[in-house]
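Visitor:
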Amino acid sequence: MLWAIARGYGLCDADAGDVVQTVWLRLVERLDGLRDPSAVGGWLATTARRESTRLAARRGRDLPPSVAPPAAEPGPPPDQVVVARERVGQVAAALSALPRRCQTLLRLVAQAACHAELAAALRIPVGSVGPTRARCLATLRRLVG
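What the sequence shown shows, in full-length UniProt numbering, is residues 1 to 145, in sequence order.
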């Protein structure tokens, strides 16, 4: 969904990737304040639109005529919205159930921190970052089901 929104604003693959990464980073930064997991899908879409508009403006590009104002953009069918909201709720609950160390590691990974930065932040050897990340993700997958 995020890629489709960014590409709909006429952004190239690299710029669309920047938008998607920024949107996920914004979510991770606000994860502790998440009150209503069912609203995350709409929040992600709105944030992707705003970041796409911002990046297009920064690059000095006009928005393509095909980009409709956010209010005019059709949403996914209701059944897909329900499934997506349930899934986001499951992931949010699973993330909050992880040990604090795994939560920290996954937040830093989402911010595209390199292994050296991760190791320093977690006070572990650089060679332990990959296996620790793998264990945290495996635990997250089990919790999500």
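Every residue, glycine too, gets a C-beta built ideally from N, C-alpha and C.
1) If you scan the segment 95-141 from start to end, which runs of the alpha helix (DSSP H) of 4 or more residues do you find wholly inside it?
2) Quick check on DSSP: helix, strand or coil for Pro77?
3) Straight-line CA distance for Val109 to Cys136?
4) If you draw a straight line from the C-alpha of Arg87 to the C-alpha of Pro78, how long is it?
5) Give me the residue from Ala6, Trp3, Arg50, Leu95 with the minimum Cα distance to Arg142.
6) Reducing DSSP to helix, strand and coil, say where Asp32 ends up.
7) Is the separation between the beta-carbon of Leu98 and that of Leu140 shorter than 8 angstroms?
8) Measuring straight from C-alpha to C-alpha, what distance separates Pro125 and Ser38?
9) Only counting the same chain, and skipping five residues up and downstream in sequence, which positions put a Cβ closer than 6 angstroms to that of Ala84?
10) List the whole-angstrom C-beta distance separating Arg101 from Leu122, where the pair is believed to meet the contact cut-off of C-beta under 8 angstroms.
11) Got a sec? Which residues, its chain only, sit under 7 angstroms from Arg7 by beta carbon, not counting five neighbours each side?
12) Just list the alpha helix (DSSP H) runs in the UniProt domain "RNA polymerase sigma-70 region 2" (2-61), keeping only unbroken ones of 4 residues or longer that don't cross its boundaries, in chain order.
13) Answer yes or no: do Gln80 and Leu25 have a C-beta to C-beta separation smaller than 8 angstroms?
14) For a test of the three-state rule: what should DSSP assign to Gly89, helix, strand or coil?
Guide: Let's see:
1) DSSP runs (the alpha helix (DSSP H)) wholly in the segment 95-141: 100-110, 115-122.
2) coil
3) 11 angstroms
4) Going by the C-alpha atoms only, they are around 14 angstroms apart.
5) Taking only the C-alpha atoms, the option nearest Arg142 is Leu95.
6) Assignment of Asp32 by DSSP, reduced to helix, strand and coil, places it in the helix class.
7) yes
8) Roughly 38 angstroms separates the two Cα atoms.
9) Gly41
10) 7 angstroms
11) Ala16
12) 2-8, 13-29, 40-58
13) Their beta carbons are not under 8 angstroms apart, which means Gln80 does not touch Leu25 by this criterion.
14) helix
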